[in-house]
Amino acid sequence: MVSCSADTGKRGEGTREKEASMRRGVRGLVILGVALGFLGAGLSPGAQGARERVKYPKGYRKWTHVKSMVIQKGHPLFQSFGGIHHIYANDAALQAMRSNRPYPNGAVFVFDLLEAKAERNAIVEGPRKVVGVMERHPKRFAETGGWGFEAFKGDTEERGVTNANKECFACHEKQTGHVFSQFHK
Numbered sequence: 777m778v779s780c781s782a783d784t785g786k787r788g789e790g791t792r793e794k795e796a797s798m799r800r801g802v803r804g805l806v807i808l809g810v811a812l813g814f815l816g817a818g819l820s821p822g823a824q825g826a827r828e829r830v831k832y833p834k835g836y837r838k839w840t841h842v843k844s845m846v847i848q849k850g851h852p853l854f855q856s857f858g859g860i861h862h863i864y865a866n867d868a869a870l871q872a873m874r875s876n877r878p879y880p881n882g883a884v885f886v887f888d889l890l891e892a893k894a895e896r897n898a899i900v901e902g903p904r905k906v907v908g909v910m911e912r913h914p915k916r917f918a919e920t921g922g923w924g925f926e927a928f929k930g931d932t933e934e935r936g937v938t939n940a941n942k943e944c945f946a947c948h949e950k951q952t953g954h955v956f957s958q959f960h961k
């Protein structure tokens, strides 16, 4: 049986409802596809998600050096972090450290880890192992205390850990303000 709308070339009421329903369905699929695209990229629709990556800190060795230390054999973190550590702070982080105030958006610390080599009764820098970065942005990194973390391999901008936010935050969440370093005059 053929409907009257097909016989006359006009659309019947049922056909219009089906077309409207199909348009709503297609629109829903498009919205769902866009949302899944955001989620697949680690973002939520309309906002940037906690999976947003921290960028490599260009020129960090010109920032203020706030701390150095050497982790040697026998230390519990030697396997992962053995070597010479230099910590650098950008201006926003430095001002917060000096004033003992909360770290503002944009505060960045860099953890520069180099091999420690013994040379003529001195410990000297060897090749770079890791450049670790922590960046303050409470909205982007809400799941990790407002800090984003990243580790870069050696002298490259290649990411060094699978989930820096999770792996780094496990230790940093135990520290006051999530920062190990303190300002010393």
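Heads up, the sequence shown is in the working numbering, so the first residue is 777 and it goes up one at a time. The beta carbon of each residue, even a glycine, is placed where N, CA and C say it ideally should be. As the structure is a prediction and not an experimental result, all values here were calculated from the model.
- The C-beta distance from residue 909 to residue 926 rounds to 5 angstroms, short enough to meet the 8 angstroms contact threshold.
- Straight-line measurement puts the Cα of residue 830 at about 13 angstroms from the Cα of residue 881.
- In the structure shown, the three-state DSSP call for residue 931 is coil.
- In this structure, residue 902 keeps its C-beta atom at 7 angstroms or more from the C-beta atom of residue 895.
- Taking the C-beta atoms as reference points, residue 914 is found no nearer than 7 angstroms to residue 924.
- Note on the stretch 844-909: whole alpha helix (DSSP H) runs with a minimum of 4 residues are 854-857, 867-875, in chain order.
- When the Cα atoms are used, residue 936 and residue 887 turn out to be separated by approximately 13 angstroms.
- For the options 852, 837, 866, 859, the alpha carbon positioned closest to that of residue 845 is the one of 859.
- Cβ contact annotation for residue 904 (same chain, cutoff 6 angstroms, sequence separation greater than five): 890, 930, 931, in chain order.
- Out of 834, 832, 884, 917, the CA that lies nearest to the CA of residue 865 is found in 884.
- In this structure, residue 832 keeps its C-beta atom at 7 angstroms or more from the C-beta atom of residue 917.
- Under the three-state reduction of DSSP output, residue 837 falls in the helix class.
- Secondary structure of residue 911 (DSSP, three-state): strand.
- DSSP, read as helix, strand or coil, puts residue 828 in coil.
- When rounded, the separation of the alpha-carbon atoms in residue 843 and residue 828 is 28 angstroms.
- Within 10 angstroms of the beta-carbon of residue 912 lie 16 or more other beta-carbons, which makes it buried.
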